[in-house]
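Peer 1: Can you keep this structure in mind? I'll have questions shortly.
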């Protein structure tokens, strides 16, 4: 009897178009939520580094340039959160403290360590944005264009870190792997919470 019931149940694909709409909305929500959180965290990392180096030092001016671009990014995601009525991550207070602490602590270890932090964070974010670009459908062309521009900015920050001798920071490989893992974990959590 169970066998007959299973045989006559409608196939799942009958509801596919309805599920697809839900999936597209969920993808959009996750992308905007996680990118908003990431850009917020990035502004706090640079705030922490500037607090140590000052904005008028040679490195401080470089960090300020990157921080200004990150501010442009967070401003855009603030707009998108409102426009699409998406709930931001509940973890913004955590990313506020964690971002500032990461920026300040790596800056306290020296210029190379601060730049190693930048390299690690921006590598993960650049890859993350590239995955989103490939995931987004053509009905989100404006968002795709925005994310492409921001990806390019993040990769520029990565290259600035390399140019500032990040790879010669003490414990570079271990430090960057730990920071990369932290960023990937924050991304996974911020998509959902």
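Residue numbers (our numbering): 1 to 193. Built from N, CA and C at the ideal position, the CB exists for glycine as well.
1) Have a look at residue 155 and residue 122 and give me their C-alpha separation to the nearest angstrom.
2) Determine whether the beta carbon atoms of residue 186 and residue 48 lie at a separation below 8 Å.
3) Given residue 70, which residues of its chain have a CB within under 7 Å of its CB, disregarding the five upstream and five downstream residues?
4) Please classify residue 124: is it buried, with 16 or more other beta-carbons within 10 angstroms of its beta-carbon, or exposed?
5) Please give the ranges of any alpha helix (DSSP H) in the segment 44-85, keeping only runs that are unbroken, at least 4 residues long and fully inside the region.
6) Could you check whether residue 161 and residue 119 sit closer than 8 Å to each other, using their CB atoms as the reference points?
7) Within the continuous alpha helix (DSSP H) that includes residue 197, where are the two ends?
8) What three-state label does DSSP hand residue 115 in the structure shown?
9) Please state whether DSSP places residue 21 in a helix, a strand or coil.
10) Smallest Cα separation from residue 116: which of 183, 29, 166?
11) For residue 151, does the count of other Cβ atoms within 10 angstroms reach 16, so buried, or fall short, so exposed?
12) Once the 5 residues before and after residue 192 are set aside, which same chain residues still bring their CB inside 8 Å of it?
13) Buried or exposed for residue 90, please, with buried defined as at least 16 other CB atoms from any protein chain shown within 10 angstroms of its CB.
14) Within 10 Å of its beta-carbon, does residue 135 have 16 or more other beta-carbons around it, so buried, or fewer, so exposed?
15) Pick helix, strand or coil for residue 151, following the three-state DSSP scheme.
Peer 2: In short, the structure shows the following:
1) Near 6 Å, if we compare the C-alpha coordinates of residue 122 and residue 155.
2) In this structure, residue 186 sits away from residue 48, with a CB-CB distance that is not shorter than 8 Å.
3) Hits under 7 Å: 39, 42, 43, 46.
4) It is buried - the Cβ of residue 124 has at least 16 other Cβ atoms within 10 Å.
5) Runs of the alpha helix (DSSP H) lying entirely within the segment 44-85, each at least 4 residues long, are 58-83 in chain order.
6) Yes, the pair counts as a contact, with Cβ atoms nearer than the cut-off.
7) In the structure as shown, the chain starts at 1 and stops at 193, and residue 197 therefore has no counterpart that could be examined.
8) In this structure, residue 115 counts as helix in the three-state DSSP scheme.
9) Residue placement at residue 21 is flagged as unreliable, the pLDDT there being 46, under the threshold of 50; a coordinate-derived value is accordingly withheld.
10) When only C-alpha atoms are compared, the closest one is 166.
11) Buried: at least 16 other Cβ atoms inside 10 Å.
12) The answer, listed in chain order, is 30.
13) Burial call: exposed.
14) With fewer than 16 neighbouring CB atoms inside 10 Å of its own CB, residue 135 falls in the exposed class.
15) If DSSP states are grouped into helix, strand and coil, residue 151 belongs with the helices.
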